[in-house]
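The next block holds one structure in the form of structure tokens; read it before the comments.
2 protein chains.
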Amino acid sequence: MTLREVLAENLKRHRLAAGLSQEELAHRADIDRTYVSSLERCQYAATVDVIEKLARELKIDASLLLQQP
Amino acid sequence: MTLREVLAENLKRHRLAAGLSQEELAHRADIDRTYVSSLERCQYAATVDVIEKLARELKIDASLLLQQP
DNA sequence: CTGTGACTTGCAGTCCGTG
DNA sequence: CCACGGACTGCAAGTCACA
Numbered sequence: 111m112t113l114r115e116v117l118a119e120n121l122k123r124h125r126l127a128a129g130l131s132q133e134e135l136a137h138r139a140d141i142d143r144t145y146v147s148s149l150e151r152c153q154y155a156a157t158v159d160v161i162e163k164l165a166r167e168l169k170i171d172a173s174l175l176l177q178q179p
Numbered sequence: 111m112t113l114r115e116v117l118a119e120n121l122k123r124h125r126l127a128a129g130l131s132q133e134e135l136a137h138r139a140d141i142d143r144t145y146v147s148s149l150e151r152c153q154y155a156a157t158v159d160v161i162e163k164l165a166r167e168l169k170i171d172a173s174l175l176l177q178q179p
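Written out as structure tokens, the structure reads:
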């Protein structure tokens with residue numbers, strides 16, 4: 111289980127819990143829709159800057175996105 | 111307080127707690143010596159791949175490196 | 001609404017050195 | 001042991017069309 115996969119799962123779970131689509135979250139976090147899609151499919155190793163934007167819009171602590179199940 | 115700064119502080123604190131120098135940690139995590147120094151000075155936005163390597167050698171959960179004080 | 005391939009660009013990350 | 005610099009490479013970052 112890589113950290114990319116952990117991030118992907120946590121991102122999707124918290125996004126759905128917030129009732130947001132990939133598009134809505136992307137728009138609010140000011141990043142591209144397809145990039146959020148890429149992250150949820152483990153295509154890239156996100157930087158802390160992106161994690162910060164996502165966590166802010168999901169209204170959660172950034173560390174929750176990297177938390178192992 | 112940016113997430114880069116949070117990472118920088120947590121990295122330094124956990125590194126010292128493990129009794130490792132920047133050089134030793136870098137060598138064990140198989141990343142560049144000067145890059146660990148750069149991260150502790152908030153020069154770059156680290157990727158989750160690097161965070162994973164660092165956390166593994168520090169024997170802590172990756173989420174602890176992004177945890178807000 | 002989301003997955004995907006193709007593409008360009010800026011920065012993450014490396015390697016050499018210095019005081 | 002660490003901060004800091006320059007130069008380099010590869011990938012994250014960001015955009016688009018299409019299914």
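Top line first, the protein sequences correspond to chains D and Z.
In terms of this note's numbering, the first sequence is residues 111 to 179.
In terms of this note's numbering, the second sequence is residues 111 to 179.
Ideal Cβ placement from N, Cα and C applies to all residues, glycine included.
Rounded separation between residue i and residue j - CA only
i	j	result
Ala136 of chain D	Arg123 of chain Z	33 angstroms
Ser173 of chain D	Arg138 of chain D	20 angstroms
Arg114 of chain Z	Asp159 of chain D	7 angstroms
Asp140 of chain D	Ala118 of chain D	18 angstroms
Ile161 of chain Z	Thr157 of chain D	9 angstroms
Leu121 of chain D	Glu150 of chain D	7 angstroms
Thr112 of chain Z	Gln178 of chain D	23 angstroms
Endpoints, the alpha helix (DSSP H) within which residue i is located
i	result
Ser148 of chain Z	143-150
Asp159 of chain D	158-168
Gln132 of chain D	132-139
Ala118 of chain Z	113-127
Option in the options with minimal Cα separation from residue i
i	options	result
Ala128 of chain Z	Z:Tyr154, Z:Leu176, Z:Leu174, Z:Glu167	Z:Glu167
Leu130 of chain D	D:Gln153, D:Thr157, D:Arg114, D:Ala165	D:Ala165
Lys163 of chain Z	D:Ile161, D:Asp159, D:Ala155, D:Glu162	D:Ala155
Lys169 of chain Z	Z:Thr112, Z:Val116, Z:Leu126	Z:Leu126
Chain D contact residues for residue i, given Cβ-Cβ distances below 8 angstroms
i	result
Gln178 of chain Z	Asp171, Ala172, Ser173
Leu168 of chain Z	Here the premise fails: no neighbours, minimum Cβ distance about 14 angstroms.
Residue i: contacting residues in chain D (beta-carbon distance under 7 angstroms)
i	result
Leu117 of chain Z	Val158
Interface residues of chain Z facing residue i [CB-CB closer than 7 angstroms]
i	result
Leu135 of chain D	Residues of chain Z passing the Cβ test: none, with the nearest at roughly 17 angstroms.
Tell me which residues of the region 139-159 of chain Z have at least one Cβ-Cβ distance to chain D shorter than 7 angstroms, keeping chain order.
Ala155, Ala156, Thr157, Val158, Asp159
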